[in-house]
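Residue 97 is where the sequence shown starts when you use our numbering, and the numbers rise one by one after that. Glycine is no exception: its CB is placed at the ideal position from the N, C-alpha and C atoms.
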Amino acid sequence: MLILFLLIICSIIILLFLFIKNLHLNNVSNYIITFSLSLVILFIILKPEVCITSAISGAKLFFYSVFPYVFPFLIITNLIISYDGIEIYSKLLGPILCKPQKLPKESAIVLIISALCGYPLGAKYSADLYENKVIDFSTFERLINIASNAGPLFIVGAIGTSMLKNKHLGYILLISCYLSCIVMGIILPYKKSTNYVTQKIKKNVFKKHSFGITLKQSAENAIKVTLQIMSFIIIFSVLIGILKQSAIFKSSETNLFKTVILGLIEMTNGTSIISSSNFEIEIKMITISFLISFGGLCVISQIYSFIGKYKISYFKFMLRKILQGIMSSIICFIIMKFSYIDTNTAAVFNINKNFTNYYYIFALLIFLLPIIVNKLKKII
Numbered sequence: 097m098l099i100l101f102l103l104i105i106c107s108i109i110i111l112l113f114l115f116i117k118n119l120h121l122n123n124v125s126n127y128i129i130t131f132s133l134s135l136v137i138l139f140i141i142l143k144p145e146v147c148i149t150s151a152i153s154g155a156k157l158f159f160y161s162v163f164p165y166v167f168p169f170l171i172i173t174n175l176i177i178s179y180d181g182i183e184i185y186s187k188l189l190g191p192i193l194c195k196p197q198k199l200p201k202e203s204a205i206v207l208i209i210s211a212l213c214g215y216p217l218g219a220k221y222s223a224d225l226y227e228n229k230v231i232d233f234s235t236f237e238r239l240i241n242i243a244s245n246a247g248p249l250f251i252v253g254a255i256g257t258s259m260l261k262n263k264h265l266g267y268i269l270l271i272s273c274y275l276s277c278i279v280m281g282i283i284l285p286y287k288k289s290t291n292y293v294t295q296k297i298k299k300n301v302f303k304k305h306s307f308g309i310t311l312k313q314s315a316e317n318a319i320k321v322t323l324q325i326m327s328f329i330i331i332f333s334v335l336i337g338i339l340k341q342s343a344i345f346k347s348s349e350t351n352l353f354k355t356v357i358l359g360l361i362e363m364t365n366g367t368s369i370i371s372s373s374n375f376e377i378e379i380k381m382i383t384i385s386f387l388i389s390f391g392g393l394c395v396i397s398q399i400y401s402f403i404g405k406y407k408i409s410y411f412k413f414m415l416r417k418i419l420q421g422i423m424s425s426i427i428c429f430i431i432m433k434f435s436y437i438d439t440n441t442a443a444v445f446n447i448n449k450n451f452t453n454y455y456y457i458f459a460l461l462i463f464l465l466p467i468i469v470n471k472l473k474k475i476i
């Protein structure tokens, strides 16, 4: 089986080389993607049990960890928007949430949704605002990188409590993730459009109907979005399952390179492997913090499924997500340095019971970060 697999790979590389010599650069990616997907199909035929197990695992991950909070949240949010929620939230929280990050106050509802629910709803509702001409393209481009974080239930519940066996570690990761979003809002270039003037949102932007029809439309939209998310989770779970069967990833020894690669492809798998490894707690936390804020290719693909049609640069978005991941890791490292960690046990890492220290650190970082960034901008 291994010899056959290697022969197929070698033959494909030779064919690619021959094709590339006679192709334009624009067509090269099409051939690479086609041959790569052909390999995946071949693996599914040769190892169907691996793909079935991985697909079931991805479906369980979706139904137990994603669907219970994403689906009802989508319905409720759609109802809020249908009943002028954007205008109401922009008046109540717009000046507090949006002004420090140079966003129009209409963006407040997107920031709240992203903070409460996480990927990929921030991107979904950013796209909705842009499509309905509530925000301009420059704001839309910034907003998708600011309202871009994992949800608190996933970070504190799934990662902190379930994987790391300590919810306090989950709170550190949550603070790091949120602060990295704030930093992105401060450092991302801001361009005020001369052709766009923020106005009161027209009542007919989101058409009103009776509550029954509105509820039906909200549910239909929620079903469409959740099925879309499920498809990404399942297909990436299958790809992860295929990768784990390769010689590099199949070895029983866990190393940082292997876990990071898996995490860059699919965040949940990567964080789960890192959490159960024997790495130092600081290494675990910094790496997990990066993966959460970066999101992984699975999450980025989900986000791009909402924003891709608006000609957002995939390369620029990816670079900004990497920058956000680095910022989150740095913030996590700083918080960890101010924290007492007992490493006497391998399973559970106990943090000082006086958890109020984290809130003081959080407040201090919020106060200092804008000052530091402004000083850096003047120097640059």
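Go through its chain and collect everything with a Cβ distance to residue i's Cβ below 7 angstroms, but skip five positions before and after it.
i: residue 395; result: 215, 216, 363
i: residue 140; result: 147
i: residue 243; result: 206, 207, 210, 218, 222
i: residue 368; result: 259
i: residue 328; result: 394, 397, 398
i: residue 315; result: 171
i: residue 246; result: 214, 215, 273, 388
Compare the beta carbon distance of residue i and residue j with 8 angstroms and say whether it is the shorter of the two.
i: residue 210; j: residue 424; result: no
i: residue 223; j: residue 406; result: yes
i: residue 319; j: residue 162; result: no
i: residue 356; j: residue 322; result: no
i: residue 565; j: residue 311; result: Nothing about residue 565 can be read from this structure; the chain reaches only from 97 to 476.
i: residue 375; j: residue 352; result: yes
i: residue 392; j: residue 366; result: yes
i: residue 238; j: residue 284; result: yes
Residues in its own chain within less than 6 angstroms of residue i by CB, not counting five upstream and five downstream?
i: residue 256; result: 263, 265, 266
i: residue 204; result: 185, 186, 189, 190, 193, 194
i: residue 226; result: 236
i: residue 419; result: none
i: residue 478; result: As shown, the chain starts at 97 and ends at 476. That puts residue 478 outside it, with no answer to give.
i: residue 313; result: none
i: residue 293; result: Confidence at residue 293 is low in this model, with a pLDDT of 44, below 50, so its placement is unreliable and the value that follows should be read with caution. None.
List the whole-angstrom C-beta distance separating residue i from residue j, where the pair is believed to meet the contact cut-off of C-beta under 8 angstroms.
i: residue 199; j: residue 235; result: 6 angstroms
i: residue 371; j: residue 157; result: Contact doesn't hold; Cβ gap of about 15 angstroms is too wide.
i: residue 213; j: residue 179; result: About 19 angstroms separates the two Cβ atoms, so there is no contact after all.
Return the chain-ordered list of same chain residues with a C-beta closer than 8 angstroms to the C-beta of residue i, the five sequence neighbours on each side being excluded.
i: residue 75; result: It is not possible to answer for residue 75, since the shown part of the chain is limited to 97 through 476.
i: residue 160; result: none
i: residue 177; result: 205, 221, 224, 302
i: residue 414; result: 396
Roughly how many angstroms lie between the CA atoms of residue i and residue j, to the nearest whole one?
i: residue 408; j: residue 194; result: 22 angstroms
i: residue 287; j: residue 280; result: 15 angstroms
i: residue 378; j: residue 432; result: 7 angstroms
i: residue 274; j: residue 389; result: 9 angstroms
i: residue 494; j: residue 361; result: Because the chain in this structure spans residues 97 to 476, residue 494 falls outside the shown range and cannot be described.
i: residue 229; j: residue 417; result: 25 angstroms
i: residue 136; j: residue 202; result: 44 angstroms
i: residue 155; j: residue 427; result: 33 angstroms
i: residue 142; j: residue 339; result: 14 angstroms
i: residue 336; j: residue 385; result: 20 angstroms
i: residue 252; j: residue 261; result: 10 angstroms
i: residue 380; j: residue 330; result: 26 angstroms
i: residue 220; j: residue 402; result: 6 angstroms
i: residue 167; j: residue 421; result: 27 angstroms
i: residue 308; j: residue 317; result: 14 angstroms
i: residue 181; j: residue 231; result: 15 angstroms
i: residue 197; j: residue 129; result: 38 angstroms
i: residue 412; j: residue 342; result: 31 angstroms
i: residue 241; j: residue 249; result: 20 angstroms
i: residue 306; j: residue 152; result: 39 angstroms
i: residue 132; j: residue 138; result: 10 angstroms
i: residue 74; j: residue 173; result: As shown, the chain starts at 97 and ends at 476. That puts residue 74 outside it, with no answer to give.
i: residue 233; j: residue 429; result: 34 angstroms
i: residue 134; j: residue 145; result: 18 angstroms
i: residue 282; j: residue 354; result: 33 angstroms
Of all Cβ atoms in chain B, is any one closer than 8 angstroms to the Cβ of residue i?
i: residue 323; result: Note that chain B does not occur in the displayed structure, where there is just one protein chain.
**Request:** Entirely within the stretch 322-402 and at least 4 residues each: give me those alpha helix (DSSP H) ranges in chain order.
**Result:** 343-346, 352-361, 363-371, 377-390
**Message:** Extract the residue ranges of the alpha helix (DSSP H) inside the stretch 144-182, only unbroken runs of 4 or more that lie entirely within it.
**Reply:** 144-157, 163-178
**Message:** As an exercise, report each continuous alpha helix (DSSP H) stretch of at least 4 residues that is fully enclosed by the stretch 224-258, in chain order.
**Reply:** 233-242
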